[in-house]
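Asker: First residue of the sequence shown: 1, per full-length UniProt numbering; consecutive thereafter. All C-beta atoms in this analysis are idealised placements derived from N, C-alpha and C, irrespective of residue type, glycine included. Would you mind keeping the following structure in view while I ask a few things?
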Amino acid sequence: MEELSLPQDSYFLGFDSSTQSLKATVLDSNLNIVNSELVHFDTELPHYKTKDGVYRDPSDNGRIVSPTLMWVEALDLMLQKLSKKLDFGKIAAVSGSGQQHGSVYWKSGSSAILSSLDPKKALVDQLGSAFSVKESPIWMDSSTTAQCREIEKAVGGALELARLTGSRAHERYTGPQIRKIFETQPEVYHDTERISLVSSFVASLLIGSYACIDETDGAGMNLMDIKQRAWSKIALEATAPNLEEKLGKLAPAHAVAGSIASYFVERFHFNKNCLVVQWSGDNPNSLAGLTLNTPGDLAISVGTSDTVFGITKEPQPRLEGHVFPNPVDPENYMVMLVYKNGSLTREDVRNRYAEKSWEVFNKYLQQTPPLNGGKMGFYYKEHEILPPLPVGFHRYVLENFSGNTLEGVNEKEVEEFDHPSEVRALIEGQFLSMRAHAERFGMPSPPKRIIATGGASANQSILSSIASIFGCDVYTVKRPDSASLGAALRAAHGWLCSKKGSFVPISSLYKDKLEKTSLSCKLSVNAGDKQLVSKYALFMEKRVEIENRLVQKLGRW
Ligand code: ADP
Ligand code: XUL
């Protein structure tokens, strides 16, 4: 069989329409980054008067929105900037990422505006009246608690909704946001002919008609049955009337949304055959950008917040994380876990117990034994979401813990540890929590490999702890723009699937040549000792028990 390959001398363009900026990354057909660009909303589009890309109204119950038209004007500006350094005629396919959950409300009659854009004018000058809601609710919004509880109740509870849609109801999710608009502004809701996510919204601009919502980002709405990858009737009914017709159809992420609209061919000289591949969420595309592609692949991002992404065939949705379809393989799912206490909490512990120095922090980590002599800690400098617990530090010593059995092991709560043990308890605690929750969500154990990214992945001692707790090799990668890079990679993948006329595994794109591309990652630490991995499993079991008790006492699932 003839091997499919990307066309030589062509480009793949990936965007990331995120909270503070619109970014772009361009890959060539060898998957090397040849260009990147950024439009920063606050500074380059100051007339919208956003702060960090958003409007916050502290008096309004957690409402956080962004002006929809600003995203349109950002695309105008981005294309202008890119056109100075890139031959658009060589772009074979475009795709993009959107901040997840944010939504756009197209006013009745707007599809006609979208399909007849005048290439002599900017987009922003033509779409001013296209939206029934001018300020899009975004992922930072937390004003829909009442709607979350109503929706969970209507589908039979939070866990039931999680099993059905991949997540319990979250304030930022699109379903609760839509319900709030329906409840508080019914006339606006009825005057809306289409609701897009940020991802499908920008794709719609590029194809000049309403793009489908992709199945991956669609899972961030509390509206899609994740097993069927179809809108769930019961979730739709629990949210708002006549919703299905306003959402349009779902499509797999690797599908083509359409060819680029003539507007862009005439105004920016795109090739008329340039494909627009379905856009998706920034987290799913980051997973693609980190080259995670088969079950057992796990990524840990240790940044301001800590995030875990993994691929599994058999997800077990629960209350504390999220399941989305995998954007590069319709057979599999991605699990996402998000922690609020990440690097800032590590810095806090470093400052209190390790002389404000990573060097001392690492020395303490190296001089203390794995399993920390049974000392276990929970460190929440910020209100945590995983598990849902308030600010506070909790420390326990497991008495008689040898790592071989939990029989006869009792825990005793203590006020503090010696300083080196505080450091180890913090690090072991965070990664044991990740391992426990990832396994409970159906991630294979041990993972096939872990890709670590984010600021703290520069720390070799932390990476060693990850390898010994999870029991697998840890690779590192520097990927500041993984969402737009992942989008560009997905543009190439979608192009290949379209050429073949059916799905092709994404690995065929970079088979044998990954190391030579901008996507390569490097092996940092080898898998840990197997015996220790099973001792950590027992330590973890105890941790989960204590965590559940803490949640019952202080938090809520
Ligand atoms: P963001 O999530 O905001 O993009 P980064 O991924 O850049 O942030 O991570 C920044 C964090 O990385 C800093 O807050 C810092 O605590 C952490 N960091 C940087 N170097 C180290 C190190 N050697 N060890 C542990 N943490 C580090
Ligand atoms: C994910 C989420 C954020 C946004 C950021 O659930 O809300 O990560 O996707 O853009």
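Do the region 90–105 and the region 186–202 meet, that is, are 3 or more Cβ pairs less than 8 Å apart?
Answerer: Touching, yes.
Asker: Where are the beta strand (DSSP E) runs, 3 residues long or more, that stay fully inside the region 75–122, in chain order?
Answerer: Entirely contained in the region 75–122, the beta strand (DSSP E) runs reaching 3 residues are, in chain order, 91–98, 103–107.
Asker: So is the beta-carbon of T368 under 7 Å away from any non-hydrogen atom of the ligand ADP?
Answerer: By one-based count along the sequence shown, residue 368 stands at place 368. Answer for T368: no, Cβ out of range of the ligand ADP.
Asker: Could you check whether the Cβ of E187 sits closer than 8 Å to any Cβ belonging to chain D?
Answerer: No chain D appears in this structure, which consists of one protein chain only.
Asker: With the cut-off set at 8 Å, would you say E193 and K107 are in Cβ contact?
Answerer: Residue 193 sits at position 193 when you count from the first residue of the sequence shown. Residue 107 sits at position 107 when you count from the first residue of the sequence shown. Yes, the Cβ-Cβ distance between E193 and K107 is below 8 Å.
Asker: Rounding to the nearest angstrom, what Cα-Cα distance links H437 and D297 in this structure?
Answerer: Translated into the one-based positions of the sequence shown, residue 437 becomes position 437. Translated into the one-based positions of the sequence shown, residue 297 becomes position 297. Using only the alpha carbons, I get a separation of about 15 Å.
Asker: With distances taken from each beta carbon to the nearest heavy atom of the ligand XUL, which residues come in below 5 Å, in chain order?
Answerer: Those residues are Q99, Q100, W139, D282, given in chain order.
Asker: The ligand ADP heavy atoms versus the CB of G429: any closer than 7 Å?
Answerer: Here residue 429 corresponds to residue number 429 of the sequence shown, with the count starting at 1. Checking the Cβ of G429 against the ligand ADP gives no.
Asker: Going along the chain, which residues of its own chain have a beta-carbon closer than 6 Å to the beta-carbon of T291, five neighbours each way excluded?
Answerer: Within the sequence shown, residue 291 is the residue found at index 291, counting from 1. Taken in chain order, the residues that qualify are L519.
Asker: Report yes if the C-beta of N400 is less than 7 Å from at least one heavy atom of the ligand ADP; otherwise report no.
Answerer: As a working note, residue 400 is residue 400 in the sequence shown. The answer is no for N400.
Asker: How close, in whole Å, do the beta carbons of I195 and L247 come, if the pair is a contact with beta carbons under 8 Å?
Answerer: Within the sequence shown, numbered from 1, the residue matching residue 195 stands at position 195. Within the sequence shown, numbered from 1, the residue matching residue 247 stands at position 247. About 6 Å; that satisfies the 8 Å criterion.
Asker: Whose CB is closer than 5 Å to a heavy atom of the ligand ADP? List the residues in chain order.
Answerer: Qualifying residues, in the order they occur: G303, T304, S343, E347, W358, G454, G455, A456, A458, N459.
Asker: If you compare alpha carbons, which of Y364, V277, E413, W358 is closest to P252?
Answerer: For the purposes of this step, residue 252 is taken as residue 252 along the sequence shown, with counting starting at 1. Out of Y364, V277, E413, W358, V277 has the C-alpha closest to the C-alpha of P252.
Asker: Return helix, strand or coil for P67, following the three-state DSSP convention.
Answerer: Position 67 of the sequence shown, counted from the start, is the residue given in the question as residue 67. Three-state result, P67: strand.
Asker: So for P330, helix, strand or coil by DSSP?
Answerer: Counting from one through the sequence shown, the residue named residue 330 turns up at place 330. In this structure, P330 counts as coil in the three-state DSSP scheme.
Asker: Only counting the same chain, and skipping five residues up and downstream in sequence, which positions put a Cβ closer than 6 Å to that of T19?
Answerer: Taking the sequence shown and counting its residues from 1, the one referred to as residue 19 is at position 19. Cβ neighbours of T19 beyond the five flanking positions: G53, Q99.
Asker: Let me confirm a value: R435 is counted as buried when at least 16 other C-beta atoms fall within 10 Å, else exposed. Which label applies?
Answerer: Taking the sequence shown and counting its residues from 1, one reaches residue 435 at position 435. Under this definition R435 is a buried residue.
Asker: Tell me S136's beta-bridge partners as DSSP assigns them.
Answerer: Sequence index remark: in the sequence shown, residue 136 carries index 136 (1-based). According to DSSP, S136 bridges with S66.
Asker: May I have the straight-line CA-CA distance separating N242 from E171, to the nearest angstrom?
Answerer: Position 242 of the sequence shown, counting from 1, holds the residue named residue 242. Position 171 of the sequence shown, counting from 1, holds the residue named residue 171. C-alpha separation (whole angstroms): 22 Å.
Asker: Could you work out which residue in R549, V533, V328, R352 is closest to V504 when comparing CA atoms only?
Answerer: Residue numbering aside, residue 504 sits at position 504 when the sequence shown is read from its first letter. Closest option to V504, Cα to Cα, is V328.
Asker: Considering Cα atoms alone, identify which of V188, T50, G486 is closest to H254.
Answerer: On the sequence shown, position 254 is the one that residue 254 refers to. When only C-alpha atoms are compared, the closest one is G486.
Asker: Just to confirm my understanding: we take F361, look at its own chain, exclude 5 residues before and 5 after, and list those with CB closer than 6 Å. What are they?
Answerer: The residue you call residue 361 lines up with position 361 of the sequence shown. The residues are R350, A354, V423.
Asker: Between the region 123–138 and the region 60–80, are three or more C-beta pairs nearer than 8 Å?
Answerer: As far as the Cβ criterion goes, the region 123–138 touches the region 60–80, which means the pair count is three or higher.
Asker: To the nearest angstrom, report how far apart L406 and K542 are at their CA atoms.
Answerer: By one-based count along the sequence shown, residue 406 stands at place 406. By one-based count along the sequence shown, residue 542 stands at place 542. C-alpha separation (whole angstroms): 8 Å.
Asker: Where are the beta strand (DSSP E) runs, 3 residues long or more, that stay fully inside the region 233–303, in chain order?
Answerer: DSSP runs (the beta strand (DSSP E)) wholly in the region 233–303: 256–259, 275–277, 297–302.
Asker: Residues in its own chain within less than 6 Å of Q8 by CB, not counting five upstream and five downstream?
Answerer: To locate residue 8, count along the sequence shown from 1; it is residue 8. So the qualifying residues of the chain are S29.
Asker: Go through the region 384–457 residue by residue and report every complete run of the beta strand (DSSP E) that reaches 3 residues or more, in order.
Answerer: DSSP runs (the beta strand (DSSP E)) wholly in the region 384–457: 392–399, 410–414, 449–453.
Asker: In this structure, does DSSP put S5 in helix, strand or coil?
Answerer: Residue 5 sits at position 5 when you count from the first residue of the sequence shown. Residue state, collapsed to three classes: coil.
Asker: Taking the C-alpha atoms as reference points, what is the distance between E428 and Y48?
Answerer: Counting from 1 along the sequence shown, the entry for residue 428 is found at position 428. Counting from 1 along the sequence shown, the entry for residue 48 is found at position 48. Computed Cα separation, rounded: 45 Å.
Asker: Going by C-alpha distance, which of Y396, L77, P420, S232 is nearest E44?
Answerer: Here residue 44 corresponds to residue number 44 of the sequence shown, with the count starting at 1. Nearest C-alpha to E44: L77.
Asker: Is the Cβ-Cβ distance between M224 and T144 less than 8 Å?
Answerer: To locate residue 224, count along the sequence shown from 1; it is residue 224. To locate residue 144, count along the sequence shown from 1; it is residue 144. No.
Asker: So the candidates are W139, S167, S83; which of them puts its Cα closest to the Cα of I151?
Answerer: Residue numbering aside, residue 151 sits at position 151 when the sequence shown is read from its first letter. Among W139, S167, S83, the Cα nearest to that of I151 belongs to S167.
Asker: Out of K227, S21, K90, L31, state which residue places its alpha-carbon closest to the alpha-carbon of D512.
Answerer: Along the sequence shown, one-based indexing puts residue 512 at 512. Comparing Cα positions, the closest option is L31.
Asker: Measuring alpha carbon to alpha carbon, tell me which of G442, A458, V323 ends up nearest E359.
Answerer: Residue numbering aside, residue 359 sits at position 359 when the sequence shown is read from its first letter. If we check each option's Cα against that of E359, A458 comes out closest.
Asker: How many Å lie between K90 and L4 at the Cα?
Answerer: Within the sequence shown, the letter at position 90 stands for residue 90. Within the sequence shown, the letter at position 4 stands for residue 4. Straight-line Cα distance between these residues: approximately 19 Å.
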